[in-house]
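To start, the structure itself, in structure tokens.
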Amino acid sequence: MTHPHSPENARPLAARKSPALTGQAQVPGDKSISQRALILGALAEGQTRVTGLLESGDVHSTAGALRGFGATLTQEAPGRWLVTGTGVGQWKSPAQPLDFGNSGTGSRLVMGAMATTPITAVFTGDASLRSRPMARVVQPLEVFGIRYEGQGEKVLMPLTLHGAGGAQAAQVHVNTASAQVKSALLLAALNATGTTRIRQDVLTRDHSEKMLKAFGADIEVTPLSEGGEVIALTGPARLTGCAIEVPSDPSSAAFPLVSALIVPGSRVELPGILLNPRRTGLIETLLEMGADIAIENRRSSGGEEIGDLVVHHSTLKGVTVPASRSASMIDEYPILAVAASFAVGETHMLGLEELRVKESDRLAAVAAGLAANGVPHRIEGDDLIVQGLGPDSSSGGVPGGGTVTTHLDHRIAMAFLTMGLASQAPVTVDDVTMIATSFPEYMDLMKSLGAVFA
Ligand code: S3P
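Each residue of the sequence shown is one higher than the one before, starting from 951 at the first, in this note's numbering.
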């Protein structure tokens, strides 16, 4: 059988210089929150009703895996799901290997969620996921007594995980700037006896903490004066199903947002975007670059801050993005590199080591894409420096004309299609199929604003 993501099924696409982008773009649900809603729903007692769920490859992979553990997940309408959980500690061993496709978040969080139940599961995925290090998750989980068999030093998939019975609470210091690692530990702590304390030096996205509270977990977050924080969770926990409303994903909104900034004459509205401060690093950076982004109607929805963005074409200038901001915009560096290509002056993006272990080595993939399209740049250690070529009207702008290798990475595909909307010659990406892992509506939505793909 041909794997759905095999090279024979690759679908190349070019984006070309487009007229002003105008209109309203309804961006689909946040991927991080959608994944967590299904996983916590599957662990909880009773029913969880999710609205605004992201209907994408990654989320569907997680839903399939959760069914394997014995939870019931039903799609009632697009974006509206009903999850009936088993209760914490009640998952059973799945009969089949779990194929997580492209989803790092789904697979890593589920490893944590099963780690303190004495069951066994086999985790696998597509070529991208099979090349990503699982050591960063399973090694910290060893404090709870898990055992595992993976491939090589990085503990690659296929990976067999044996959860532990009778796990005790633990004290863990997480020194990886990863919300996935933190979340896996928190989910494992649910079925460990006593108070687990997780210290993290870098403030990564906190959707797990917020949602665990909403499901009734005994969880407390204490900021540390020296930076970072400690999260205390007491188990064994009882989670109770609840209603979750998923806001629009800022990491997906980033693509129409930057498209509007670089295509002359554009005005685009992006309603209901998640504005959790641990996710807004890109907006902060673009505002420093001189972007005209208005945030209107700030409000709260389902325990998260949201707002409507109104974006006008802008002349951007290069800035330095400190390493301390990277966790709050970790998925946005490919699209920021594209925005920086159209800026006046250099943009210095510091502290990007985590980019090397994403769906692709994003530092290398971004650099190769910039090179293919005539944008001067350099990598110094873990920093990326892009020499902006300015808008069209100044020095001739971004040449384009290249073909970009996407390495099964949805964000590399969308970032470089964005570049093509404003470069001199079209930009081609070698495969758009992976866009469906996070933003299946991307092409239709962009075309409705006036984007030209061919
Ligand atoms: C995510 C965390 C980030 C991010 C990913 C989603 C999450 O990964 O890149 O797209 O939902 O927790 P890391 O935790 O590895 O930084």
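Backbone N, C-alpha and C fix where the C-beta goes; we use that ideal spot for every residue, glycine too.
Excluding the 5 residues flanking residue i on each side, which residues of the same chain have their C-beta closer than 6 Å to its C-beta?
i     : result
R1306 : L1313
G1013 : According to the sequence provided, residue 1013 is Ala. The question's Gly does not apply to it. Same-chain partners within the cutoff: L988, L1023.
A965  : L1367, G1370, L1371, V1377, F1403
A1187 : V1038, L1140, A1167
G1324 : P1349
R1217 : T972, H1262
A1193 : R999
I983  : H1157, V1196
V1316 : P1284, A1287
Q976  : none
T1184 : T1145, D1168
Would you identify the three-state DSSP class for residue i, choosing helix, strand or coil?
i     : result
H1263 : coil
N1226 : coil
S1078 : helix
S1198 : strand
A1127 : coil
A975  : coil
P969  : coil
L1305 : helix
T1387 : helix
D1242 : strand
H1357 : coil
A994  : coil
F1366 : helix
T1067 : coil
F1423 : Here the chain covers residues 951 to 1404 and nothing more, so residue 1423 does not appear.
N959  : helix
D1281 : helix
A1015 : helix
V1379 : strand
P1186 : coil
S1209 : helix
L1153 : coil
E1159 : helix
V1033 : strand
E1005 : coil
G1286 : Just to set this straight, residue 1286 is Leu in the shown sequence, not Gly. Correct three-state label for L1286: helix.
G1095 : coil
T952  : Bear in mind that the predicted position of T952 carries a pLDDT of just 42, short of 50, making it unreliable; the figure below should be weighed with that in mind. Coil at T952, not helix or strand.
E1176 : coil
L1236 : helix
Q985  : helix
D1332 : coil
V1060 : helix
Q1374 : coil
A1045 : coil
D1311 : coil
My assumption, with CB atoms under 8 Å, is that residue i sits in contact with residue j. Please give the rounded CB distance.
i     : j     : result
I1181 : L1225 : The pair is not a contact, with the Cβ atoms about 22 Å apart (cut-off 8 Å).
V1171 : Q1150 : The Cβ separation is near 10 Å, so there is no contact.
E1304 : S1276 : 7 Å
V1131 : V1093 : Contact flag wrong, Cβ pair sits at about 12 Å.
L1162 : L1135 : With a Cβ gap of about 12 Å, L1162 and L1135 do not count as contacting.
A1142 : A1167 : Not confirmed; about 12 Å, so no contact.
T1001 : E1195 : 5 Å
A1293 : G1268 : 5 Å
L1236 : V1271 : With 8 Å as the limit, L1236 and V1271 do not qualify as a contact, their Cβ atoms being about 10 Å apart.
A1119 : T1146 : 4 Å
S1388 : H1360 : 5 Å
S1310 : S1078 : 7 Å
Near residue i, which residues of its chain fall below 7 Å by C-beta distance, leaving aside the five closest residues on each side in sequence?
i     : result
L1232 : A1204, M1279, E1282, L1286
G1400 : S968, P969, A970, L971, T972
A1063 : I989, L993, L1137
R1208 : Here residue 1208 is Val; the residue named in the question, Arg, does not match the sequence. These residues qualify, in order along the chain: I1285, V1288, A1289, T1368.
N1247 : G1257, D1258
E1026 : L1032
With a CB to CB cut of under 8 Å and the five nearest residues on each side skipped, what residues in its chain are close to residue i?
i     : result
Q1374 : K967, D1342, G1346, G1347, V1348, P1349, G1350, G1351
T1190 : A994, E995, G996, F1165, G1166
E1099 : L1109, T1110
L1003 : G979, S984, A987, L988, V1009, G1029, R1030, W1031, V1196
L1048 : G1014, A1015, G1018, S1057, V1060, A1071, V1072, F1073, T1074
V1122 : P1090, V1093, L1135, T1146, R1147, I1148, R1149
Between residue i and chain D, is any beta-carbon pair separated by less than 9 Å?
i     : result
T1184 : The question asks about chain D, but that chain is absent: this structure has only one protein chain.
Can you determine whether any heavy atom of ligand 2 sits closer than 8 Å to the C-beta of residue i, and answer yes or no?
i    : result
Q976 : The model depicted lacks ligand 2 and carries ligand 1 instead.
Q. Closer than 5 Å from C-beta to any heavy atom of ligand 1: which residues, in chain order?
A. In chain order, the hits are S982, T1055, S1128, A1129, Q1130, I1280, D1281.
Q) Is the region 1019-1034 touching the region 984-1001 in the sense that three or more CB pairs, one from each, lie closer than 8 Å? A) yes
Q: Please determine if the region 1377-1397 and the region 1327-1340 are in contact, where contact requires at least 3 C-beta pairs separated by less than 8 Å.
A: no
Q) Taking contact to mean at least 3 C-beta pairs separated by less than 8 Å, is the region 1073-1086 in contact with the region 1018-1025? A) no
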